[in-house]
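J.: Residue 0 is where the sequence shown starts when you use numbering that gives the first Met the number 0, and the numbers rise one by one after that.
Think of the CB as a built atom: it goes at the ideal place given N, C-alpha and C, for glycine as much as any other residue.
The following block contains the structure, expressed as structure tokens.
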Amino acid sequence: MKKLLIIFTLLFLTVGCKTKRAVVSTTGTVTAEKQVQEIWRHHLASFPAFKTLVGSVQVSYNDGKNSQSLPLSFRMEKDKAIWLSAPLGIAKVLITPEKAAFFNRLDSTYFNGDFSYISRLLGVTVDFDALQNLLLGNALYASYFEKEKVVKLLPEENNRYNLQIIDESPVEVIYRFLPDTYRVGSTEVLEPVKQQKAVATYEYQQVGEVLLPHTLKIVATEGANQTEISIEFKGIELDKSINFPFKIPEGFKEITVDK
């Protein structure tokens, strides 16, 4: 369970009632930049509106050699905190805009670090917003869409609107949006030089008036090695009064990673 919790935490720090499809102009008189803006506008309008979420997640991990599955209690206060707890409080995770922390009673260890440190460890920019967007089915790095000429419109494929981030980074990011709802159907992140690729794929559920992920499947490959992580969201409720009990027990050993 320790391995699963660490991978799950670091990874984060890495359809019900359909609506009427909004029409994106594809005539020759409309520029690709204009089509990108239209797709992005519809996606922004699709962002789920809520104050809090509470429920559970079933997290499964398989790297071809080992497989594990773990149920976790799940709570989120939008833009403020994400909290996870294993049964009986054996392990807990608390993520805020300032830091990420977790502890594991099975081996008396804990981690407590800021995002800049974790970003250096992973080699990619990580923050609370990216993690929250990942969990909600929003585009991970929304700020890119506010810049000019860094988003490329790709041909429609498998009934998806496809956009690619274009910048000086060696990392390529492709979003595939569902045409009926403009939620993210999948996000693909590639770093060809290092032969690394990660694909996050969503299925959605209707919770009240909000469309939220039902399942999130992440497949990460590096060369010939492949790791799969599946997250199923269960019993999600909106706007309940919640708290985030979290205290690292005394005497636990801190988990550190060499720079």
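Tell me the rounded alpha-carbon separation between residue 162 and residue 173.
T.: Computed Cα separation, rounded: 6 Å.
J.: Could you compute how far the alpha carbon of residue 99 sits from the alpha carbon of residue 44?
T.: So the two alpha carbons sit approximately 29 Å from each other.
J.: Specify the secondary structure class of residue 193 as computed by DSSP and reduced to three states.
T.: It is helical.
J.: Roughly how many angstroms lie between the CA atoms of residue 97 and residue 72, to the nearest whole one?
T.: Using only the alpha carbons, I get a separation of about 22 Å.
J.: Which first and last residues belong to the beta strand (DSSP E) in which residue 113 is found?
T.: Looking at the DSSP string, the run of the beta strand (DSSP E) that includes residue 113 is 108-113.
J.: Can you give me the C-alpha to C-alpha distance between residue 211 and residue 52, rounded to a whole angstrom?
T.: Their backbone Cα atoms lie some 10 Å apart in a straight line.
J.: By DSSP, does residue 53 sit in helix, in strand, or in coil?
T.: Note: residue 53 maps to strand in three-state DSSP.
J.: Name the DSSP bridge partner or partners of residue 96?
T.: Residue 96 pairs with nothing; no bridge assigned.
J.: Can you tell me the Cα-Cα spacing of residue 110 and residue 149, whole angstroms?
T.: Distance between the alpha carbons of residue 110 and residue 149: 36 Å.
J.: Do residue 216 and residue 57 have their C-beta atoms within less than 8 Å of each other?
T.: No, the pair does not count as a contact, with Cβ atoms beyond the cut-off.
J.: Below 8 Å on the Cβ atoms is my contact criterion, and I expect residue 48 with residue 209 to pass it. Report the Cβ-Cβ distance as a whole number of Å.
T.: About 7 Å; that satisfies the 8 Å criterion.
J.: Are the beta-carbon atoms belonging to residue 221 and residue 204 less than 8 Å from one another?
T.: No; because the gap between Cβ atoms is not below 8 Å, this pair is not in contact.
J.: In the DSSP assignment, the alpha helix (DSSP H) including residue 44 goes from what residue to what residue?
T.: 31-44 is the extent of the alpha helix (DSSP H) around residue 44.
J.: Would you tell me roughly how many angstroms separate the C-alpha atoms of residue 133 and residue 249, rounded to the nearest one?
T.: Between residue 133 and residue 249, the C-alpha separation is close to 32 Å.
J.: Going by beta carbon distance, what residues of the same chain come within less than 7 Å of residue 31, once the five residues before and after it are set aside?
T.: Cβ within range, chain order: 152.
J.: How long is the line joining the alpha carbons of residue 238 and residue 69, rounded to whole angstroms?
T.: C-alpha separation (whole angstroms): 25 Å.
J.: Going straight from the alpha carbon of residue 244 to that of residue 184, what length do you get?
T.: Approximately 33 Å, taken between the alpha carbons.
J.: Counting only the same chain and skipping the five closest in sequence on each side, list residues whose C-beta sits under 8 Å from that of residue 254.
T.: Excluding positions up to five away in sequence, the list reads 5, 108, 109 and 110.
J.: Just how far apart, CA to CA, sit residue 181 and residue 42?
T.: Cα to Cα, residue 181 sits roughly 5 Å from residue 42.
J.: Are the Cβ atoms of residue 178 and residue 201 separated by less than 8 Å?
T.: Contact: no.
J.: Can you give me the C-alpha to C-alpha distance between residue 103 and residue 90, rounded to a whole angstrom?
T.: Answer to the nearest angstrom: the Cα atoms are 4 Å apart.
J.: Please state whether the Cβ-Cβ distance between residue 157 and residue 46 is less than 8 Å.
T.: Their beta carbons are not under 8 Å apart, which means residue 157 does not touch residue 46 by this criterion.
J.: Below 8 Å between beta carbons: does that hold for residue 228 and residue 60?
T.: Going by C-beta atoms, residue 228 is nearer than 8 Å to residue 60.
J.: Express the C-alpha separation of residue 66 and residue 55 in angstroms, rounding to a whole number.
T.: Whole-angstrom Cα-Cα distance: 20 Å.
J.: Mind checking residue 84: buried by the 16 CB within 10 Å criterion, or exposed?
T.: Classification of residue 84: buried, given that the 10 Å Cβ count is 16 or more.
J.: Along the chain, where does the alpha helix (DSSP H) containing residue 129 start, and where does it finish?
T.: Start and end: 127-135.
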